[in-house]
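Engineer:
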Amino acid sequence: LINAIAVLVIACPCALGLATPTAIMVGMGKGAENGILFKNSTALERAAEIKTVVLDKTGTITKGELTVTDIVAFEFSASDLLQWVASAEKASEHPLAQAIVREAEAKGASLLPVQRFLALPGMGITAYVDGKLLSIGNAKLMHQHGVAIMIEAQTRVEALQAQGKTAMFIGVNNALAGVIALSDTIKAGSAEGV
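Position in the sequence shown (first residue = 1) + 11 = the numbering used here.
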């Protein structure tokens, strides 16, 4: 093989000099036709070694618009929970809160007045809605407010999170009342793009 390559290089040096850049140009052109841009020829050559592709999903695969996917009610009705949670979240500027408010408005729920709204970064929010103390957030917030998390609720939250959803506990008057989950919506054509 080495002798054959040596003969080829000596016999046709110009053809080999033209073949490599031409192959790279064709490869980059085909990539561009399929929406894949290569920074340089080295990146194109290294593409053959790719085993895993990691994407920032927000805005790439998903629309970046959160929607409520699940409301699990343990004590009250799901519609009451959504109304109370949306009322409490109305004062928040967080994207999760805005998605919950949009969902409640889409379902025709009237938002109730809120007293003593408190946002707790990294944990969630608390507020009084319709005379009830609402705690909406993660397990740390529930623990801080003395809300016991049942095994059933914890299992449900873990299952929702395994599906790529953001799940939050809902406490009403320091008792676990439910779980609300949100998810980003997949863009049309994402599967084909990947």
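The beta carbon of each residue, even a glycine, is placed where N, CA and C say it ideally should be.
#1: Check whether the Cβ atoms of Val96 and Ile181 sit closer than 8 Å, and answer yes or no.
#2: Are Ala120 and Gln94 closer than 8 Å when you measure CB to CB?
#3: According to DSSP, which residues form a beta bridge with Gly189?
#4: What's the call for Leu27, buried or exposed, on a 16-neighbour Cβ count within 10 Å?
#5: Candidates Ala84, Gly157, Lys41: which alpha carbon is nearest Glu163's?
#6: Is the CB-CB distance between Thr80 and Ala186 below 8 Å?
#7: For Met134 and Phe128, what's the separation of their Cα atoms in angstroms?
#8: Verify whether the separation of the beta carbon atoms of Leu55 and Gly40 is less than 8 Å.
#9: Provide the residue(s) that pair with Val140 in DSSP beta bridges, ordered along the chain.
#10: Excluding sequence positions up to five away, which residues of its chain have a Cβ less than 6 Å from the Cβ of Ser98?
#11: Tell me which same chain residues have a C-beta within less than 7 Å of the C-beta of Leu214, skipping the five on either side of it?
#12: Quick one, which of Asp91, Gly70, Cys23 has its alpha-carbon nearest Leu145's?
#13: Cβ of Ser194 within 8 Å of Cβ of Leu12?
Structural biologist: In this structure, then:
#1: yes
#2: yes
#3: Ala84, Ile181
#4: exposed
#5: Ala84
#6: no
#7: 14 Å
#8: no
#9: Val125, Lys143
#10: Leu122, Leu123, Val125, Val140
#11: Because the chain here runs from 12 to 205, residue 214 falls outside it and cannot be looked at.
#12: Asp91
#13: no
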